[in-house]
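I have placed the structure first, in the form of structure tokens, so that the comments after it can refer back to it.
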Amino acid sequence: MYLQFRDEVEAALTGALDALDLPTDDLGVEDPPEGVDAVLASSAPFRLAGEVGAPPPEVAGEIAGEIDADEYDLVAEAVAQGPYVNFLPSDAYYAGTVEAAQSADFGHLEPTGQRVVVEHTSANPTGPVHVGRARNPIVGDAVARVLSLAGHDVDRHYYVNDAGRQMAVFTWAYEAFDEDDLDAEPEREKADYDLVRYYRKGNAVLEDGDPDEVEAAEDEIQAIMQGLESGDEQTYERVQEVVDAVLGGMVESLDRLPAEFDEFVKETRFLRDGSADDVVARLKDLDEAVYEEEAWQLDLGEFGIDKNFVFLRSDGTTLYATRDLAHHEWKFDNYDRAVTVLGEDHELQASQMNATLDLLGHDTDRLRQVVYSYVNLPEGKMSTRAGTGIDLDDLLDEAVARAREEVETRLDDRIRDDDLTDEDVDRIAEQVGIGAVRYDIVAKQPQKAITFEWERALDFEAQSAPYVQYVHARCCGILEEADVDPVNPSLAAFDADLLDTEAERDLVETVGRFPAVVEESAEELQPHVVATYTREIAETFNTFYRECPVLAEDVDDELRDARLALVAASKHAVGNALQVLGVAAPRSM
0 MYLQFRDEVE
10 AALTGALDAL
20 DLPTDDLGVE
30 DPPEGVDAVL
40 ASSAPFRLAG
50 EVGAPPPEVA
60 GEIAGEIDAD
70 EYDLVAEAVA
80 QGPYVNFLPS
90 DAYYAGTVEA
100 AQSADFGHLE
110 PTGQRVVVEH
120 TSANPTGPVH
130 VGRARNPIVG
140 DAVARVLSLA
150 GHDVDRHYYV
160 NDAGRQMAVF
170 TWAYEAFDED
180 DLDAEPEREK
190 ADYDLVRYYR
200 KGNAVLEDGD
210 PDEVEAAEDE
220 IQAIMQGLES
230 GDEQTYERVQ
240 EVVDAVLGGM
250 VESLDRLPAE
260 FDEFVKETRF
270 LRDGSADDVV
280 ARLKDLDEAV
290 YEEEAWQLDL
300 GEFGIDKNFV
310 FLRSDGTTLY
320 ATRDLAHHEW
330 KFDNYDRAVT
340 VLGEDHELQA
350 SQMNATLDLL
360 GHDTDRLRQV
370 VYSYVNLPEG
380 KMSTRAGTGI
390 DLDDLLDEAV
400 ARAREEVETR
410 LDDRIRDDDL
420 TDEDVDRIAE
430 QVGIGAVRYD
440 IVAKQPQKAI
450 TFEWERALDF
460 EAQSAPYVQY
470 VHARCCGILE
480 EADVDPVNPS
490 LAAFDADLLD
500 TEAERDLVET
510 VGRFPAVVEE
520 SAEELQPHVV
530 ATYTREIAET
540 FNTFYRECPV
550 LAEDVDDELR
560 DARLALVAAS
570 KHAVGNALQV
580 LGVAAPRSM
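As structure tokens, then:
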């Protein structure tokens, strides 16, 4: 309903500006200033004041005077207020919003027909997923979810680095050492924790080992890399034994978030099918190609990039970036748009990638990157290679344990004995704990650095996941008490005109904005926009809950049904918004 309201506002403004013989290229439709009783406003009077030769408030008055709200179903009135034209909704807008939000798929936009691939996480399979990189699967999964809700056909890909030096080192170390050569037991009974010990042992030997041993190791590592480049099947199988085992353990951890993938695309695919060689041949033919410092490179100075793009070593082996070019050309062949979630240390690589694809004749407008800063803990920075970090599993275990403690503290004996079993507490702790981690990370703009703090993330009273989850649980509790199924709480018979208090109208307006929030988040690839919305609707619902009793004895049946419908609408909006963020929406807490 909000999107239809916006369409009517834009039509009304266009008609008014045409009547005044003013340009309509920028209608300035936006959220109204704080404290203004309107759903949308236009700041066009600011832009047009110079052309009209009158102050913005006067221009606003002229525009509002040209608008006949009777021509529209959802616009009740256009009012000039200072330099703005404010648009007030009709009763039909409120009724239509509550009715539309009765659907379980409220917020799902119409199919666009576009196929979009979202590549995220893609951490090298060298050991357990660490906290510093945890923002990638959380942000990436949320980006994929919001694009799907916005009507796109979305595939989620994990690009597996199984062809570089790291994997050659890992494969050599796994084959060269025995359990007795390793310094410690695995921290967990998972393949990634087990095998990472070989990787660390190998790196230690390469750094400080006997020179003859290091030379022999480097020869074997080079042989593995050359074998992969040449498509040697035996070498490929040796490497895949390590890659698949470690990746399997990493995926177990990612499943806890959850971060889902439709396909694991391996680098070696583009070596084995010849597409990486084809890319190299075409790059060599470019005017920008130069052979310097024993490597083939591209001079990207015309793109404002002062560091050359190296695409082929002197020994004939490709680099990760070369294989990734073939990967991106494959994406362009199979998808309308491609989104890649990258850490801030990959910004140069992303710029080089875009420039090189441009030189190869591709429409790089089809490619978008979401660049994020890393997650830190107060304990400091982390390093997979040195084995001195905090693993994602550790973070999630701690989150669930802390959430359980918080939940237990909040349960008095009566509620604990009568309503919640031990299994319920386990479920709530899991939902709240992991939800707190996801929410706290995705709620920040990706470009801003994060230091994760337990007290903030698990604060039931502040703007956190538990705060929003509790609103969803409260909605479910109200509906259950009224004998309405909270899973599919569709209430067809209600009179929305009875929802006439400020608290009720504010809540309807906030619920109604959810489809537009999905639209904005998908267009900007910024899932934190949805997180901000969840806090707004939680606050607005809590005001409604305090001021507008739903099931009290002195509330007549018609008003009760209208408020129940609004509770159901709120439940869908909050629940679907949490779904976008990958945060569980509990029925009870």
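Quick note, the sequence shown lines up with residues 0 to 588 if you use numbering that gives the first Met the number 0. We put the CB at the ideal spot given by N, CA and C, even for glycine. If you're wondering where the values come from, they're calculated on a predicted model, not measured in any experiment.
Between the C-alpha atoms of residue i and residue j, what's the straight-line distance to the nearest angstrom?
{"i": "residue 463", "j": "residue 545", "result": "20 angstroms"}
{"i": "residue 120", "j": "residue 371", "result": "12 angstroms"}
{"i": "residue 134", "j": "residue 55", "result": "44 angstroms"}
{"i": "residue 270", "j": "residue 290", "result": "22 angstroms"}
{"i": "residue 586", "j": "residue 471", "result": "7 angstroms"}
{"i": "residue 421", "j": "residue 543", "result": "32 angstroms"}
{"i": "residue 282", "j": "residue 174", "result": "36 angstroms"}
{"i": "residue 395", "j": "residue 401", "result": "10 angstroms"}
{"i": "residue 349", "j": "residue 521", "result": "21 angstroms"}
{"i": "residue 125", "j": "residue 276", "result": "26 angstroms"}
{"i": "residue 559", "j": "residue 498", "result": "10 angstroms"}
{"i": "residue 578", "j": "residue 7", "result": "30 angstroms"}
{"i": "residue 484", "j": "residue 478", "result": "7 angstroms"}
{"i": "residue 30", "j": "residue 87", "result": "12 angstroms"}
{"i": "residue 390", "j": "residue 186", "result": "10 angstroms"}
{"i": "residue 107", "j": "residue 148", "result": "5 angstroms"}
{"i": "residue 102", "j": "residue 45", "result": "39 angstroms"}
{"i": "residue 454", "j": "residue 575", "result": "26 angstroms"}
{"i": "residue 36", "j": "residue 266", "result": "55 angstroms"}
{"i": "residue 589", "j": "residue 114", "result": "Coverage of the chain is limited to positions 0 through 588, which leaves residue 589 absent and any answer about it impossible."}
{"i": "residue 27", "j": "residue 295", "result": "50 angstroms"}
{"i": "residue 335", "j": "residue 143", "result": "15 angstroms"}
{"i": "residue 273", "j": "residue 160", "result": "17 angstroms"}
By the three-class DSSP mapping on this structure, what secondary structure does residue i have?
{"i": "residue 110", "result": "coil"}
{"i": "residue 413", "result": "Because residue 413 carries a pLDDT of 41, less than 50, the predicted location of this residue cannot be relied on, and the following value inherits that uncertainty. The answer is helix: DSSP assigns residue 413 an H, G or I state."}
{"i": "residue 126", "result": "coil"}
{"i": "residue 375", "result": "strand"}
{"i": "residue 449", "result": "strand"}
{"i": "residue 156", "result": "strand"}
{"i": "residue 9", "result": "helix"}
{"i": "residue 370", "result": "strand"}
{"i": "residue 145", "result": "helix"}
{"i": "residue 442", "result": "coil"}
{"i": "residue 521", "result": "helix"}
{"i": "residue 83", "result": "strand"}
{"i": "residue 263", "result": "strand"}
{"i": "residue 496", "result": "helix"}
{"i": "residue 179", "result": "helix"}
{"i": "residue 390", "result": "strand"}
{"i": "residue 380", "result": "Confidence is the limiting factor: at residue 380 the pLDDT is only 43, short of 50, which leaves the residue's position unreliable and the question unanswerable from this model."}
In the DSSP assignment, the alpha helix (DSSP H) including residue i goes from what residue to what residue?
{"i": "residue 544", "result": "527 to 546"}
{"i": "residue 236", "result": "232 to 254"}
{"i": "residue 132", "result": "Taken as a continuous stretch (DSSP letters only), residue 132 belongs to no alpha helix (DSSP H), as it is neither H nor E."}
{"i": "residue 562", "result": "556 to 580"}
{"i": "residue 326", "result": "319 to 333"}
{"i": "residue 56", "result": "55 to 64"}
{"i": "residue 509", "result": "501 to 511"}
{"i": "residue 466", "result": "464 to 480"}
Which residue or residues does DSSP assign as beta-bridge partners of residue i?
{"i": "residue 89", "result": "Partner(s): none; residue 89 has no beta bridge."}
{"i": "residue 29", "result": "40"}
{"i": "residue 296", "result": "289 and 309"}
{"i": "residue 48", "result": "Residue 48 pairs with nothing; no bridge assigned."}
{"i": "residue 115", "result": "153 and 336"}
Take the Cβ of residue i as the centre, count every other Cβ of all protein chains shown within 10 Å, and call the residue buried at 16 or more, exposed below.
{"i": "residue 446", "result": "exposed"}
{"i": "residue 570", "result": "buried"}
{"i": "residue 444", "result": "exposed"}
{"i": "residue 512", "result": "buried"}
{"i": "residue 123", "result": "buried"}
{"i": "residue 306", "result": "exposed"}
{"i": "residue 130", "result": "buried"}
{"i": "residue 285", "result": "exposed"}
{"i": "residue 448", "result": "exposed"}
{"i": "residue 414", "result": "Note that residue 414 scores 46 on pLDDT, short of 50, meaning its location in the model is unreliable and no value can be drawn from it."}
{"i": "residue 321", "result": "buried"}
{"i": "residue 216", "result": "buried"}
Please list the terminal residues of the continuous beta strand (DSSP E) segment that includes residue i.
{"i": "residue 80", "result": "74 to 80"}
{"i": "residue 201", "result": "From DSSP, residue 201 is part of no beta strand (DSSP E) but of the alpha helix (DSSP H) over 190 to 207."}
{"i": "residue 268", "result": "Run containing residue 268: none in the beta strand (DSSP E); it sits in the alpha helix (DSSP H), 267 to 271."}
{"i": "residue 360", "result": "Unbroken run through residue 360: none, as it is neither H nor E."}
{"i": "residue 341", "result": "336 to 342"}
Measuring only from the beta carbon, is residue i closer than 7 angstroms to any heavy atom that is part of the ligand COA?
{"i": "residue 27", "result": "What this structure holds is no ligand at all, so the ligand COA is not there to describe."}
Establish whether the CB of residue i and some CB of chain B are separated by less than 8 angstroms.
{"i": "residue 375", "result": "No chain B is part of this structure, which consists of one protein chain only."}
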